[in-house]
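S.K.: Positions in the sequence shown are counted from 1; adding 355 to them yields my numbering.
After the structure tokens below, expect a handful of questions from me.
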Amino acid sequence: MTLHQSRLSFGPKSTLVASTAGSDKKDAKEQTSAAKSTVKADSTMEEDIESESVSVRKRTRRVLDSEDEDEEVAAVAVESGKAKDAKVTEQSVAQEHGEEELSATTKKLKLDSVTPNKPKAEALASKNQKSVSRSGSERQLLDDKAAAEAEDKIEVDDEVQDDIEQQDEAVEIKQAAAKWADMFSKSSTAEDSASWKKGEPVPYAALCQTFEQIEDTTKRLQILDYLVKFLISVIKLSPESLLTVVYLSINKLCPDYEGVELGIGESLLMKAIAESTGREMKKIKSDYAEIGDLGIIAMNSRSNQPTMFKPKPLTIPHVFKTLKDIASLSGNSIGVSQSQKQKVDKIKLLLVACRNKEAKYLMRSLEGKLRIGLAERTVVVALAQAIVLSRPDIKKLSKEKLQVELEEAASVVKSVYSELPCYDMIVPALLKGDIDGLKETCKLTPGIPLKPMLAHPTKALTDILDRFEDIAFTCEYKYDGERAQIHKLEDGSMRIYSRNSENMSTKYPDVMERLAKFAKADTTSFVLDCEAVAWDREQKCILPFQVLSTRKRKDVKEEDIKVQVCIFAFDLLFLNGQSLLREPLGKRRELLLKQFNEVDGEFAFAKSMNSTQIEDIQTFLDQSVADNCEGLMVKTLDGTEATYEPSKRSRNWLKVKKDYLAGVGDSIDLVVIGAYLGRGKRTGVYGGYLLACYDPDREEYQSICKIGTGFSEQDLEDHYKVLKEHVIPTPKSYYVLGEANKPDVWFAPIQVWEIKCADLSVSPVYKAAIGIVDSTKGVSLRFPRFVRIRDDKSPESATTSEQIADMYNDQKLNMVKNDNGMGVDMDYDY
């Protein structure tokens, strides 16, 4: 066994691999083949296209959406009592604005309150508003037979499921390409329906109309179709607005690493609505308590406001510029009160000019939550396909050739964006029309952080040998710290970014000061993938992550630093003007060791070991735990599978943590959305909390468990001090909840916690992954325990509902495979 640079000579695979591996693989292949055989392309029939998705989870959702009509009628009948409650919301608005002027959206809100399963015809109401939370007790009245049948459809092997997931998006892209190729072969044109002329700025109303169409459907291909059509019009008529349209579609103003956020507090937005419409603040607050969506409130208020004259229609350039101006206003430079006043004034000017649905989407943009079901990955694909379909010569291509070009364009743009997540560079390059050359003009650049490569968890050391059979691999320590991406630019400047592309340079001024001496003199530019770890210089040992988390997030002064940090580098992604992403890990590691110097207690290479012997791996794992690490990372070392895959959770990297093997339970990152007042020894603080996972497609937080264990007395005090400042009067409209276990106070979604649990179970009370593993019930955690705050994660990067569903299904499969029922840990943190 050798450390660091040691190479290995491979002998026969260890005989310790489970004897069932061969049969498992055979079953997996058969199931993969079966799954693939369900995919049939029919470019002319949208319903066929929609039903061809091979995603297990999406397939299950469609099964649940197509329940027997009798069941849906029965469910609505059961909840008919809810309709009376919904009328309260309708009447409260009608009393102020007049019965005849009640908005269509508010009426749809009433519909949502009596629709537990989101039938397709009523999808808009459910997506527009969830002010009436889904009731766990009422959902139980639905027949569980469909859920059981759906679960039978997803009883597939772990590897088969992952294969299907990877195929899902590719299949959808292929189907969308086929549809557009068919449309253009019939001389269809997308720009004919545009509401503005060539050379004019894009009307904001046109974007809002597209948002409304997207919000009206739950079909992913239809969502892509609407956006592609709109982007084609923008490219052909107002190409200079394409970049701003993309940013508004993903509800951002600039790349993540620039750190510009728009989220405006609810109180300021309510004030802007009241002052711009002449309504009383107490009525705005009353509506918000009932409806829970400031966008709908603003739209209803504007639609019933008499005006003496109509301002000029809003345009995309004007709205985007004003939003950036609002985001740039800071209390540090002009004072908090003056800053807030200027923000309200600018918002009022926009609101006064809003027409129809514009106020709804404007307010949601200002809140930082569009909630229309438009994922960024869909925007990337739509952008690529719109660029191809906007070419002047496009109708000269055969249907088959066009379909191929559309698929290739989507693949190229997705790949480029994963390496260079910067629309400011990608969009102008795309407008030049050279998609083929995009990989050369837009590639990894120091100063622009890329999303890191992630690892899959594994539950047994023998699985490592099974996965890497006849493949060179290496084991590295998995450090208990914060993922850090260190950049050196050609001009000599240095920057440190988090896994979420946040600039952490001001958090680590001590590291910034020392970076220059880590690299050798001939190293002019680089991008390092590292872990920042708390370090005890006297004992020369690693300290727990909790110690590191005591550092301030920003503007740390070097003289105030109490927690020392050591950087452990494990990958080199860019060196001296050249990207290394497509080089194998073996070569990247070789260059890392050659171009950088270890400095005791400040900079070190991740400790590594190469061996195919299970005994050696076990010894190395034990050593990592003794050295205060979490476990091991196991990575392919050479060959085509050893490249760096940005933003991808790849099986070419596996992680083995001590908790996996000890059977302690699963680790999940969840958002705190509510709390229960403490009693007894916990009087004066919050005694327990309500947690939620995140559904990125629906842009909602789904309740998953109540937690009250794992907290020290200091934890309880600290949580109370922080979270009491973020109490809100009512739950957000995008909180999906049951009727039971409602907390005493609600919080805005601002903090992520790492949670351990014994296992997962189906629950009629909690709503995580509802509709995926069961038609009427969600998934909950058994015996949840607080581990730590995840300051490095935003609420939107918490564990997703689909990941929760995966964990639950993996657990069931593992209980069948293993008598001890030990599940896979899916902590999703590395």
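We treat Cβ as the ideally placed atom computed from N, Cα and C, and that holds for glycine.
1) For E722 versus Y559, is the C-beta spacing smaller than 9 Å?
2) Apart from the five residues just before and just after G792, which ones in its own chain have a Cβ nearer than 6 Å to its Cβ?
3) Using DSSP with H/G/I as helix, E/B as strand and the rest coil, what is R854?
4) Since P801 and L844 are thought to touch, with beta carbons under 8 Å apart, how far apart are those beta carbons, to the nearest angstrom?
5) Run the CB neighbour count on E774, radius 10 Å, all protein chains shown included, and call it buried at 16 or more, exposed below.
6) With DSSP as the reference, identify every bridge partner of Y1049, one or two as the case may be.
7) Since F958 and E831 should fall inside the 8 Å C-beta cutoff, what is the C-beta to C-beta distance between them, to a whole number of angstroms?
8) Looking at the unbroken beta strand (DSSP E) that takes in H1188, where does it start and where does it end?
9) Starting from L963, follow its DSSP beta bridges and name the residues at the other end.
10) Beta carbon of K1111, beta carbon of L1092: below 9 Å?
11) State the start and end residues of the unbroken beta strand (DSSP E) segment that holds G647.
12) What's the gap between the Cα of I742 and the Cα of I587?
13) Could you pull the DSSP bridge partners for E837 from this structure?
14) Hey, out of A765, G986 and R726, whose CA is closest to K529's CA?
15) Under a three-way DSSP split, which group does R732 fall into?
16) Using CA coordinates, which residue listed in L725, I922 and I605 is at the minimum distance from E731?
17) Assign L1168 to one of three DSSP states: helix, strand, or coil.
18) Specify, as a first and last residue, the run of the alpha helix (DSSP H) that S622 falls within.
19) Whole angstroms are fine: how far does the CA of A531 sit from the CA of V782?
20) Report yes if the C-beta distance between N747 and P776 is below 9 Å; otherwise report no.
21) Look at the alpha carbon of Q697 and the alpha carbon of T991, and state the distance between them as a whole number of angstroms.
22) Buried or exposed: where does P1139 fall if 16 or more other Cβ atoms within 10 Å of its Cβ makes it buried?
23) Using a Cβ-Cβ cutoff of less than 6 Å, which residues in the same chain neighbour A561 once the five nearest sequence positions on both sides are dropped?
24) Quick check: the Cα distance between L1168 and Q973, rounded to an integer number of angstroms?
25) Looking only at its chain, what residues have a beta carbon closer than 7 Å to the beta carbon of K553, apart from the 5 residues adjacent to it on each side?
26) Please state the DSSP three-state secondary structure of F1138.
27) May I have the straight-line CA-CA distance separating G614 from S856, to the nearest angstrom?
28) Less than 8 Å between the CB atoms is what I'm expecting for W1008 and L761, so what's the real figure, rounded?
29) Please report the straight-line C-alpha distance between S338 and R657, rounded to a whole angstrom.
30) Kindly indicate which residue of K1087, L816 and L678 has the alpha-carbon position closest to the one of L976.
31) Beta carbon of R1143, beta carbon of Q901: below 9 Å?
32) Measuring CA to CA, which of S694, I671, Q693 and G728 is closest to L705?
33) In its own chain, which residues sit with a C-beta less than 6 Å from the C-beta of Y716, not counting the 5 before and 5 after it?
M.R.: The relevant details are as follows:
1) no
2) none
3) DSSP places R854 in coil when its eight states are reduced to three.
4) Sure, about 5 Å apart at Cβ, within 8 Å.
5) buried
6) Y1056 and T1155, per the DSSP bridge assignment.
7) The C-beta separation of F958 from E831 comes to about 16 Å, leaving the pair out of contact by the 8 Å criterion.
8) This structure cannot speak to residue 1188, because the chain is shown only from 356 to 1185.
9) Note on residue identity: the sequence assigns Ser, not Leu, to residue 963. In DSSP, S963 forms a bridge with E831.
10) Remark: C-beta atoms of K1111 and L1092 do not approach each other more closely than 9 Å.
11) Premise fails: G647 is in no beta strand (DSSP E) and is neither H nor E.
12) 7 Å
13) Answer is A887, bridged to E837.
14) A765
15) helix
16) I605
17) helix
18) E621 to T632
19) If you take the alpha carbons of V782 and A531, they lie about 21 Å apart.
20) Here residue 747 turns out to be Pro, not Asn, going by the sequence shown. At the C-beta level, P747 and P776 stay beyond 9 Å of one another.
21) 55 Å
22) buried
23) S550
24) One C-alpha to the other measures close to 25 Å.
25) L592
26) coil
27) In a straight line, the C-alpha of G614 is about 9 Å away from that of S856.
28) At roughly 31 Å, the Cβ-Cβ gap does not stay under 8 Å, so W1008 and L761 are not in contact.
29) The displayed coordinates of the chain run from 356 to 1185. Any statement about residue 338 would go beyond what the structure contains.
30) L816
31) Taking 9 Å as the Cβ cut-off, R1143 and Q901 qualify as a contacting pair.
32) I671
33) C563 and F566
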